[in-house]
Amino acid sequence: MSAADSLPELVIVGNEAVLRGEWTLAALGALASSCRKTLFHALAYAGGEVSTWHLDGVSRLDSAVAVLLWRHWQGKFPARLSLPDALRPTLERVAVAPISEPLQRDQMKLSCIERVGLWSLTGWRDLFRLCAGLIELLGALVLTTLRLLRHSRLIPWKEFSANLYRAGFEALPVSALVGILIGMTISYLSAAQLKIYGADIFIVNLLGMGIIRELGPVLAAVLVAGRSGSAMTAQIGVMRVTEEIDALAALGVSGTVRVVFPKVAALLVAMPLLVVWVSMAALLGGALAAYWELDLSLLYFFQPLPNVVPIANLWICLGKGVVFGFLIALLACWFGLNVRPNTESLSRHTTASVVTAITLVILADAVFAILTRGVGLPWGG
Amino acid sequence: MSMRQTRDSVPVIDMRGVWSRYRDVVVHRNLDFRVERGEVIALVGGSGSGKTTLLREILGLLLPAEGSIRLFGHEIGSANSVALAAVRNRLGMLFQQGALFSALSVYDNIAFPLRELRFMDEAWIADIVRLKLDMVGLEEKHAPLMPAELSGGMIKRVALARALAVEPELLLLDEPTAGLDPARSRSFVALVRELQQSLGLTVVLVTHDFDTIAGLESQVAILAEQQILARGTLAEVAALPHPAIRAFFAPMGFYGAEDR
Chain A
1 MSAADSLPEL
11 VIVGNEAVLR
21 GEWTLAALGA
31 LASSCRKTLF
41 HALAYAGGEV
51 STWHLDGVSR
61 LDSAVAVLLW
71 RHWQGKFPAR
81 LSLPDALRPT
91 LERVAVAPIS
101 EPLQRDQMKL
111 SCIERVGLWS
121 LTGWRDLFRL
131 CAGLIELLGA
141 LVLTTLRLLR
151 HSRLIPWKEF
161 SANLYRAGFE
171 ALPVSALVGI
181 LIGMTISYLS
191 AAQLKIYGAD
201 IFIVNLLGMG
211 IIRELGPVLA
221 AVLVAGRSGS
231 AMTAQIGVMR
241 VTEEIDALAA
251 LGVSGTVRVV
261 FPKVAALLVA
271 MPLLVVWVSM
281 AALLGGALAA
291 YWELDLSLLY
301 FFQPLPNVVP
311 IANLWICLGK
321 GVVFGFLIAL
331 LACWFGLNVR
341 PNTESLSRHT
351 TASVVTAITL
361 VILADAVFAI
371 LTRGVGLPWG
381 G
Chain B
1001 MSMRQTRDSV
1011 PVIDMRGVWS
1021 RYRDVVVHRN
1031 LDFRVERGEV
1041 IALVGGSGSG
1051 KTTLLREILG
1061 LLLPAEGSIR
1071 LFGHEIGSAN
1081 SVALAAVRNR
1091 LGMLFQQGAL
1101 FSALSVYDNI
1111 AFPLRELRFM
1121 DEAWIADIVR
1131 LKLDMVGLEE
1141 KHAPLMPAEL
1151 SGGMIKRVAL
1161 ARALAVEPEL
1171 LLLDEPTAGL
1181 DPARSRSFVA
1191 LVRELQQSLG
1201 LTVVLVTHDF
1211 DTIAGLESQV
1221 AILAEQQILA
1231 RGTLAEVAAL
1241 PHPAIRAFFA
1251 PMGFYGAEDR
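So the protein sequences, as listed, match chains A and B.
Taking my numbering, the leading residue of the first sequence gets 1, the next gets one more, and so forth.
Taking my numbering, the leading residue of the second sequence gets 1001, the next gets one more, and so forth.
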């Protein structure tokens, strides 16, 4: 069942080497690896010591193995060589092949310090590119929106609703599950502390403020960045690789209108709703844990909620949703549109899209915290 | 010498009674196809006649619903994975779009199948890559380029070099000249012809281009009505009176003006 019909043989007698059998990659591949190693060692030895080579018994010789022989002959025919005429063209092709330095693939050998320098320089360059690109995309988006407002029949309703369904509706189950679990965990851990001080009822203040103002929006943003941001980048990236974006342009359809606008618009609508949904789920999870741990009934949990959490917090929550959704969609589209046509770039950009989106969302959250530091706090800011 | 004769007497491809179906559509009906060592055969037929399916079945990417396919005497349906890998190393495939690995440079694309053999050192591989680049008419300066930086003709050449890297005995070409301009396509055909003759390759190709068939001095196998309807030189096949064959060749102006 071997791939070769006869195995390669090498006999070295004194100053003569006799080769027999089939000298092809397939035949070498069929040898056991220990045999192959021995054969290569023998060839290397013969290359230095032997001046007479008999190849008469060789039934087949392919150019890959001819290259090997040629290397062991140090780039010239041996002093005495006998071989069948059928093999001569193969060896001659190898002999006339251009000989040069070994192919240099890594021209630059960098020292450790140079590496750090190069790394930080490319980091700054990439950051600059990202900022410039985002501003450019934002400009295109604003112009597109103005144009769509004037020509309302151009609004891509179908794409918008498809994106809304995929990024919004299909995200409901998983975000509810995550929300409930996180809410339960926080409630359970806080309850243990509050019990010590007999401050059980403050669990409502704690969870209400924490979840509606901070945790809900950030949790939803992390989920959506991972779920929809990556999908958007991958989709647009593949459209770049397969030149579909160019095809759209060639058909007179603006990629910004058909591809970018519906995604950004859909997340602008879906994110605030998802933020509310996740916050609700987290509060429910928290209330359940409080019921089990502190015997606080659900009624007593939800009734004081409007009093201890001023309504301004809900607006902050919705505002964060809009901003986070916009950031995620914008970054996803930019990274997708800048994929270079190869698989490596596609995977890098998808990763970068998610990581950058989550980082920027947390940064934006900090900015929100500073800007709204006097708003909606029950103890009077 | 007797060893070579037994080797040469086994057909490279031997398909018997092959049926293929896509859901309810029968693509091949009891198809027989034999290719002997050193033959050059062009599969021709209308769109959807199952040429690419046949090629994929020879490659082992697709299993037929019924029938046997033997490559170099090994049944590929029943062969274990090690034996199948050994058989696959004896054939090279040139995909229509090249199918180069987009994340690897030209050098690494050609070196890839050699590294997969896992018994060659880098210096040996570098020499072989250089030889293959030279064979397909490329230069060393092209080695570090990425596939996205290549023109269509260069992609085909690199893909051919990769297909030839493991020294296949059988070369499968899917539309080798599609997407090339006439001059490039002629030089590519001449290149394949020269390599076929000097390396003694068996070549099976799918094509719509009669210049390619003429340039390779290839035999023609007509795939129509779910079978290989006819086989022979281009002139022999075109002269057959079968209506399906006539319908295929007539638009090319094969029978003069009166048939149009």
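Glycine is no exception: its CB is placed at the ideal position from the N, C-alpha and C atoms.
Handout entry: Every unbroken beta strand (DSSP E) within the segment 209 to 236 of chain A, with a cutoff of 3 residues, ordered by chain
Key = Correct list: empty.
Handout entry: contact_flag[the segment 181 to 196 of chain A, the segment 249 to 260 of chain A] where n(CB pairs < 8 Å) is 3 or more
Key = No, the segment 181 to 196 of chain A is not in contact with the segment 249 to 260 of chain A.
Practice task
Taking L346/A and V204/A to be in contact with their CB atoms under 8 Å, please state how far apart those CB atoms are, rounded to whole angstroms.
Solution key: So it is not a contact: roughly 47 Å between Cβ atoms.
Practice task
Check whether the Cβ atoms of L1131/B and V67/A lie closer than 8 Å to each other.
Solution key: Between L1131/B and V67/A, the CB-CB gap stays under 8 Å.
Practice task
Put D1024/B into one of helix, strand or coil per three-state DSSP.
Solution key: Of the three classes helix, strand and coil, the one that applies to D1024/B here is coil, per DSSP.
Handout entry: Positions along the segment 205 to 238 of chain A whose CB lies within less than 7 Å of some CB in chain B
Key = Answer set for the segment 205 to 238 of chain A: empty.
Exercise for the section: Can you check DSSP and say which residues form a bridge with E22/A? Expected result: E22/A is bridged to R60/A.
Handout entry: Contact list for E243/A against chain B, beta-carbon separation under 9 Å
Key = Contact annotation for E243/A against chain B: no contact, minimum CB-CB distance about 11 Å [criterion: below 9 Å].
Handout entry: Within the segment 1145 to 1180 of chain B, ranges of the beta strand (DSSP E) (whole runs, at least 3 residues)
Key = Counting whole runs of 3 or more residues, the segment 1145 to 1180 of chain B contains the beta strand (DSSP E) stretches 1170 to 1174.
Problem - Chain-ordered neighbours of V1026/B on chain A, where CB pairs are closer than 9 Å - result: Per Cβ cutoff of 9 Å: no residues; V1026/B is ~31 Å from chain A at best.
Exercise for the section: Could you have a look at G1017/B and say whether DSSP puts it in helix, strand or coil? Expected result: It is a strand residue.
Problem - Short CB-CB distance (under 8 Å) between N1109/B and chain A - result: For N1109/B, the answer is no, since every Cβ of chain A falls outside 8 Å of its Cβ.
Problem - Simplified DSSP state of G179/A, which is helix, strand or coil - result: If DSSP states are grouped into helix, strand and coil, G179/A belongs with the helices.
Exercise for the section: Flag N342/A as yes if its beta-carbon sits less than 8 Å from any beta-carbon of chain B, otherwise no. Expected result: Chain B has a Cβ within less than 8 Å of the Cβ of N342/A.
Practice task
Indicate whether the contact test is met: 3 or more Cβ pairs, each with one atom in the segment 1036 to 1054 of chain B and one in the segment 1121 to 1129 of chain B, closer than 8 Å.
Solution key: The segment 1036 to 1054 of chain B vs the segment 1121 to 1129 of chain B: no contact.
Problem - Whole-angstrom distance between L1117/B and S33/A, CA atom to CA atom - result: Their Cα atoms are separated by approximately 11 Å.
Exercise for the section: Return the chain-ordered list of same chain residues with a C-beta closer than 8 Å to the C-beta of L1094/B, the five sequence neighbours on each side being excluded. Expected result: K1156, A1159, L1160, A1163, L1171, L1172, L1173, D1174 and P1176, listed in sequence order.
Practice task
For T24/A, go through chain B and note every residue whose CB falls closer than 8 Å to its CB, in chain order.
Solution key: The CB of T24/A comes closer than 8 Å to the CB of E1167 in chain B, given here in chain order.
Practice task
Excluding the 5 residues preceding and the 5 following G381/A in the sequence, name in chain order all residues of the same chain whose CB lies nearer than 6 Å to its CB.
Solution key: Here the model assigns G381/A a pLDDT of 43, short of 50, so the residue's position is not dependable and the matter cannot be decided.
Problem - C-alpha distance - G29/A paired with F1119/B, whole-angstrom precision - result: Using only the alpha carbons, I get a separation of about 8 Å.
Exercise for the section: Run down chain A in chain order and give the residues with a C-beta less than 7 Å from the C-beta of L1131/B. Expected result: Result: S63, V67, V94 and A97.
Problem - Under 7 Å (Cβ pairs) to chain A, residues found in the segment 1159 to 1188 of chain B - result: Those residues of the segment 1159 to 1188 of chain B that come within reach of chain A (Cβ to Cβ, closer than 7 Å) are V1166 and E1167.
Handout entry: Test item: CB-CB of A46/A and H72/A under 8 Å
Key = In this structure, H72/A lies closer than 8 Å to A46/A by Cβ.
Handout entry: Counterpart residues of R1034/B in DSSP-defined beta bridges
Key = Paired residue(s): D1014/B.
Problem - Residue closest to V58/A, alpha-carbon to alpha-carbon, out of L7/A, G123/A and S353/A - result: Among L7/A, G123/A and S353/A, the Cα nearest to that of V58/A belongs to L7/A.
Problem - Chain-ordered residues of the segment 26 to 46 of chain A with a beta carbon less than 9 Å from chain B - result: Residues of the segment 26 to 46 of chain A whose Cβ lies closer than 9 Å to any Cβ of chain B, in chain order: A26, L28, G29, A30, L31, S33, R36, K37 and F40.
Practice task
Report yes or no: is there a C-beta of chain A within less than 8 Å of the C-beta of P1146/B?
Solution key: Note that residue 1146/B is Met in the sequence shown here, rather than Pro. True, the Cβ-Cβ gap to chain A drops below 8 Å.
Handout entry: Every unbroken alpha helix (DSSP H) within the segment 114 to 147 of chain A, with a cutoff of 4 residues, ordered by chain
Key = DSSP runs (the alpha helix (DSSP H)) wholly in the segment 114 to 147 of chain A: none.
Exercise for the section: Using a cut-off of 9 Å between C-beta atoms, extract the partners of R71/A located in chain B. Expected result: What R71/A touches in chain B: A1123, W1124 and D1127.
Practice task
For the alpha helix (DSSP H) holding M280/A, just list the boundary residues, first then last.
Solution key: Counting along the chain, M280/A sits inside the alpha helix (DSSP H) bounded by residues F261 to L294.
Handout entry: Own chain, CB closer than 8 Å to Q1019/B, minus 5 neighbours either side, in chain order
Key = Before going further, note that residue 1019/B is Trp rather than Gln in the sequence given. Taking W1019/B as the centre and dropping the five residues before and after it, the same chain places the C-beta of V1026, H1028, R1029, N1030, L1031, P1064, A1065, E1066 and G1067 closer than 8 Å to its C-beta, in chain order.
Exercise for the section: Please decide whether D1014/B counts as near chain A, where near means a Cβ-Cβ distance under 8 Å. Expected result: In terms of beta-carbon proximity, D1014/B stays away from the interface with chain A, with every pair separated by 8 Å or more.
Practice task
Whole angstroms is fine: what's the gap from N163/A's alpha carbon to Y1022/B's?
Solution key: Answer to the nearest angstrom: the Cα atoms are 33 Å apart.
Practice task
Quick one: using the 10 Å Cβ neighbour count with 16 as the cut-off for buried, is L367/A buried or exposed?
Solution key: Residue 367/A is actually Val in this sequence, not Leu. Counting Cβ neighbours within 10 Å, V367/A comes out exposed, since fewer than 16 surround it.
Handout entry: Which listed residue (F40/A, E114/A, V354/A and A42/A) has its alpha carbon closest to that of M232/A
Key = The option with the nearest alpha carbon to M232/A is V354/A.
Handout entry: Spatially closest choice to G286/A from G179/A, L363/A and A312/A, by CA coordinates
Key = Of the listed residues, the one whose Cα sits closest to G286/A is G179/A.
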